[in-house]
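When we follow my numbering, the leftmost residue of the sequence shown carries the number -11, and every step to the right adds one.
Here the structure is laid out as C-alpha cells; the discussion comes afterwards.
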Amino acid sequence: MKIARVCGCCNVSKPNAHLKATDQPIEAQPEEIQVIREQLSTIELMLSRLWGETIYSREPAAMKIREAAANLIEGHFDGIVDEWLDMVHGIMGAPPIDPAIHERDRGDLYNSLIRLVDHLRNPDDIRTYVHLRRHCQTGMLARAKPSQFNTIHIALKQVILEHVRAALSGETLERVRDFVVASIDERRLMVSQFYIESRERLLRESEQKYRNTIDHAPDPMYEIEPRTWIVLGLNAAAEQLHKMEPEHEKEVVLGRPITDFIPDELKPGVLHGLEKVMAEGSAQTPEFPVGPFFFDVNNALISYGENQFIQMILRDVTQRREMIDSLIKAERLAAAGTFAAGVAHEVNNPLASISSLVQSLLSGEEDPQRRTTLHTILSQITRISGTLKDLVNFARPATAKQKPVNLNIAVSDTLRLVNYNKRFSGIQIDPILAADLKPAFADDNEIQQVLLNLLFNAADATAAEGGVIKVITENIKTGHGSDKRHRVMIKVIDNGIGIPAEHLERVFDPFFTTKPAGAGAGLGLSLCQRIVLSNKGTIKVESEVGRGTAVTITLPVCEETEQVQAAQLQ
C-alpha cells in the first residue's frame, strides 16, 4: 500500500527510516511479561469484538491495516512528535522556558512514539507496555494523574488522525482511522490497568507497613469489636503477654471476647472502661494488673469508613511502680531512722543502769553457774546496744569492726542464748560444726545478730512438734581456676512451711514480711543482708513450700583477707 505525503507537515521524515529509542531499555522479568501479555490479550479480545476482526485483530487483513498505520506514523514521525509536543504544552498551560526541559519532554514523546510504532507493526512487541507499566510503578506516571495520561494520548490520537485524513482517502482512510482510534484506546486501557495494579500494590505496601508497625510495637495492642468485645486482632507483644500467663498460655485469643481473659474481680472495671470508650471516644485505666506486671491501659474508638473498632494499648509501667515503691520504702526507712534515734536514746539509759547493776552483782557472786548467767546477761546487754545502733545506722550504715572470728564459738553462744526462748520449745536444734573451720574476718557482734535473726525466722516457720533446725559450718572454695578463694560457710536449715516462689525475690526488701500483722516488722532479713554484705560476704535463700528453707552465708577467711588487703596496700 502506497501512502502519499501531502498532509502539509513541514517536518516530514525520511522514507523507510529505521527509528530506534534513545533511552535506556528496561529488562522485564518473565513474570512481568506474562502479566502484560495476559492483560493485553483480554483487551485485544474486547476491542476486536467492538471494531471487528478486519480492523482490530491478528488476521492478515487487519495486520495490513496495522502496517499501513505504522508506515504513516513513521513517515511523518518528526512532524507528529513536534505537533504532539505543542499540544501537550498547551494542555499543561504553557511551553517550558528552559530549552533543556523542552528537549527532555520531546525526547520522552519521541521514544514513546517509537515503541508505539514497533507495537503497531508487531503486536507481540510489548516493550512499550513494559516501559509504561514500570513508569506507573516508580516513574513519571506514578506521580501523574490518570486523567493527565488520557489527555496526552487523546492529543496524540488527534495529531495522528489529522495526518491520516491528510495523507489517505477512501476506504483505506476509514480503516486506518478506525485502527488508530482502537490502538490508542488499547494503550489507554492498558495504562488504566497498570494504574489500578500500581495503586493496589501501594495499598498493600501501606497496609503491610501499618500492620508491621503495629505488630512490632513493644506495647501489647488489641483491636476489639464494639459491644461484643470480641478480639479482632492483636500484635506480637499481646500474644507474648498471654503466653506468660499459665492459665491462658495455650488458648486462642483471636475471635473471643477480651473479658474471657480477665479475672472475675476485675471484669466490672474493664467493662466500665469499654463502655466509657463507646460513650466518650476514649478512656484510660492506670496500673491495671496483669499477672506480675502493671499496665496503663489506653482505649480509643477508631472509625474507618462506616465501621469502628476499639484500639486498646497497654503500656508497661511495672518498673515505674517499682521505683515509686522504692521511694516510699526509702521514706519509711528515713522515718524509721529518725524514730530509732529517739528509741536508742531512751533505751540506752536504762540499759546502762541495768549493766551497772549486773556488774555489781557479778563482783560479789561466787556461784559459777550464776556468774555464767550474769556474764550472759552482760553480753546480751552489749548486743542490745549494738542492735539499737544497727537500727539507727540502717539508713546510714556504719563501718563494721572486723576481726578474726571463730564461727563455731559464735554459733555455740547463739544456740545457748535461744535455749531461754519459748519459741524454740519442742524444736530440735542440730549444730553440725566443722572441727577444722578457719577463722572468718567479720564483726562478731553483727554475725551473732544475723545468726539470731535466722534462728528466730526458722523457729517461727517450724512446727513445735517434729521441727528440726540445723546449723552447719564448713570450709569451702569459690571461683574457678586461679581465682579460687577459701571462704567459710554458715547454713541454717529448717523443715518448716517454706516460702512461696513468688516471695523469694522480695525476702530481702525492707518491711517485706509474710508473717501475720504484728508478728514482725520485715527488717530481719534486710538487716541480715546489709550486715553480711558489709562484711564482704554473700547470703542466699533457697526454699520450697512444705519442705523448708535453707539460708546460706559465706564469709572471707581471715588470713586470705589480710593477704588481699596487704597486696592492695603495696
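Glycine included, C-beta positions come from ideal geometry on N, C-alpha and C.
None of the values given here were measured: they were computed from a predicted structure.
Item to complete: Decide if the stretch 5 to 19 is in contact with the stretch 50 to 66; the criterion is three or more beta carbon pairs, one per stretch, under 8 Å apart.
Response: When C-beta atoms of the stretch 5 to 19 are compared with those of the stretch 50 to 66, three or more pairs fall below 8 Å, so the two segments count as touching.
Item to complete: Verify whether the separation of the beta carbon atoms of residue 480 and residue 443 is less than 8 Å.
Response: Cβ atoms of residue 480 and residue 443: closer than 8 Å.
Practice prompt. Name the two residues that bound the continuous alpha helix (DSSP H) containing residue 110.
Written response: Looking at the DSSP string, residue 110 is not in any alpha helix (DSSP H), and its letter there is neither H nor E.
Item to complete: Measure the beta-carbon distance from residue 226 to residue 214 and round it to whole angstroms, keeping in mind my assumption that it falls under 8 Å.
Response: About 19 Å separates the Cβ atoms of residue 226 and residue 214, ruling out a contact at the 8 Å cut-off.
Worksheet item: Does the stretch 524 to 543 come close enough to the stretch 415 to 433 to have 3 or more Cβ pairs within less than 8 Å?
Response: Here the stretch 524 to 543 lies against the stretch 415 to 433, with 3 or more beta-carbon pairs under 8 Å apart.
Practice prompt. Return the residue from the list 332, 73, 79 and 47 that minimises the CA-CA distance to residue 111.
Written response: Looking from the CA of residue 111, the closest CA among 332, 73, 79 and 47 belongs to 47.
Worksheet item: Between which two residues does the beta strand (DSSP E) containing residue 302 stretch?
Response: Counting along the chain, the beta strand (DSSP E) containing residue 302 begins and ends at 295 to 304.
Worksheet entry | Paired residues, beta bridge with residue 209 - DSSP | Under DSSP, residue 209 takes part in a beta bridge, and its partners are 301.
Item to complete: Indicate whether the contact test is met: 3 or more Cβ pairs, each with one atom in the stretch 141 to 152 and one in the stretch 25 to 36, closer than 8 Å.
Response: Below 8 Å, too few C-beta pairs join the stretch 141 to 152 and the stretch 25 to 36 to call them touching: fewer than three.
Worksheet item: Whole alpha helix (DSSP H) runs in the stretch 243 to 277 with 4 or more residues, listed along the chain?
Response: Counting whole runs of 4 or more residues, the stretch 243 to 277 contains the alpha helix (DSSP H) stretches 255 to 268.
Worksheet item: What's the gap between the Cα of residue 107 and the Cα of residue 80?
Response: Going by C-alpha positions, residue 107 is about 27 Å away from residue 80.
Discussion item. Going by the DSSP bridge assignment, what does residue 529 pair with across the sheet?
Written reply: For residue 529, which the question treats as bridged, DSSP gives the partners 539.
Fill in: Identity of the residue in 353, 492, 517 and 159 nearest residue 536 by Cα
Checking every option, the nearest Cα to that of residue 536 belongs to 492.
Worksheet item: Which residues share a DSSP beta bridge with residue 391?
Response: Bridge partners of residue 391 according to DSSP: 430.
Worksheet item: Identify the residues that DSSP records as bridge partners of residue 288: which are they?
Response: Answer is 270 and 299, bridged to residue 288.
Practice prompt. Could you tell me which of 365, 117 and 476 sits nearest to residue 395, measuring between CA atoms?
Written response: Residue 476 is the option with its Cα nearest to residue 395.
Discussion item. Check for me: the alpha helix (DSSP H) holding residue 197 runs from which residue to which?
Written reply: Looking at the DSSP string, the run of the alpha helix (DSSP H) that includes residue 197 is 158 to 203.
Item to complete: Leaving out five residues on either side along the sequence, give the residues of the same chain with a beta carbon under 6 Å from the beta carbon of residue 540.
Response: Taken in chain order, the residues that qualify are 479 and 528.
Worksheet item: Under 8 Å, do residue 97 and residue 118 count as touching if we go by C-beta distance?
Response: No, Cβ-Cβ distance for residue 97 and residue 118 is not below 8 Å.
Practice prompt. Look at the alpha carbon of residue 230 and the alpha carbon of residue 319, and state the distance between them as a whole number of angstroms.
Written response: Roughly 36 Å between the two C-alpha positions.
Fill in: Top-ranked residue by Cα proximity to residue 40, from 163, 75 and 90
Comparing Cα positions, the closest option is 163.
Worksheet item: DSSP on residue 473, reduced to helix/strand/coil?
Response: DSSP, reduced to helix, strand and coil, places residue 473 within a strand of the structure shown.
Practice prompt. Assign residue 419 to one of three DSSP states: helix, strand, or coil.
Written response: Secondary structure of residue 419 (DSSP, three-state): strand.
Discussion item. So, for residue 305: in the same chain, excluding its five sequence neighbours on each side, which residues have a beta-carbon less than 7 Å away from its beta-carbon?
Written reply: Same-chain partners within the cutoff: 275, 282, 283 and 284.
Worksheet entry | Reduced DSSP category for residue 283 - H, G, I as helix; E, B as strand; rest coil | Strand.
Fill in: C-beta contact flag for residue 439 and residue 466 at 8 Å
Not in contact: residue 439 and residue 466 (Cβ atoms no closer than 8 Å).
Discussion item. Quick check on residue 460: does DSSP put it in helix, strand or coil?
Written reply: Reduced to three states, the DSSP call for residue 460 is strand.
Worksheet item: Residues in its own chain within less than 7 Å of residue 458 by CB, not counting five upstream and five downstream?
Response: These residues qualify, in order along the chain: 418, 420 and 481.
Worksheet entry | 4-residue-minimum alpha helix (DSSP H) runs that sit fully inside the stretch 54 to 114, ordered along the chain | You should have 65 to 80 and 87 to 109.
Worksheet item: Using the beta-carbon count (16 or more within 10 Å), is residue 123 buried or exposed?
Response: Under this definition residue 123 is a buried residue.
Item to complete: Select from 363, 99, 54 and 34 the residue whose C-alpha is nearest the C-alpha of residue 14.
Response: Considering only alpha carbons, the answer is 99.
Discussion item. Buried or exposed, going by whether 16 or more other CB atoms sit within 10 Å of the CB of residue 116?
Written reply: Counting Cβ neighbours within 10 Å, residue 116 comes out buried, since at least 16 surround it.
Worksheet item: Going straight from the alpha carbon of residue 186 to that of residue 125, what length do you get?
Response: Spanning the alpha carbons of residue 186 and residue 125 requires a straight line of approximately 5 Å.
Practice prompt. Give a yes or no on whether the C-beta atoms belonging to residue 216 and residue 245 are separated by under 8 Å.
Written response: Between residue 216 and residue 245, the C-beta gap is smaller than 8 Å, which places the two residues in contact.
Fill in: Through-space distance from residue 309 to residue 393, alpha-carbon basis
Straight through space, the alpha carbons of residue 309 and residue 393 are spaced by roughly 42 Å.
Worksheet entry | N- and C-terminal bounds of the alpha helix (DSSP H) containing residue 23 | Here the alpha helix (DSSP H) through residue 23 covers 18 to 39.
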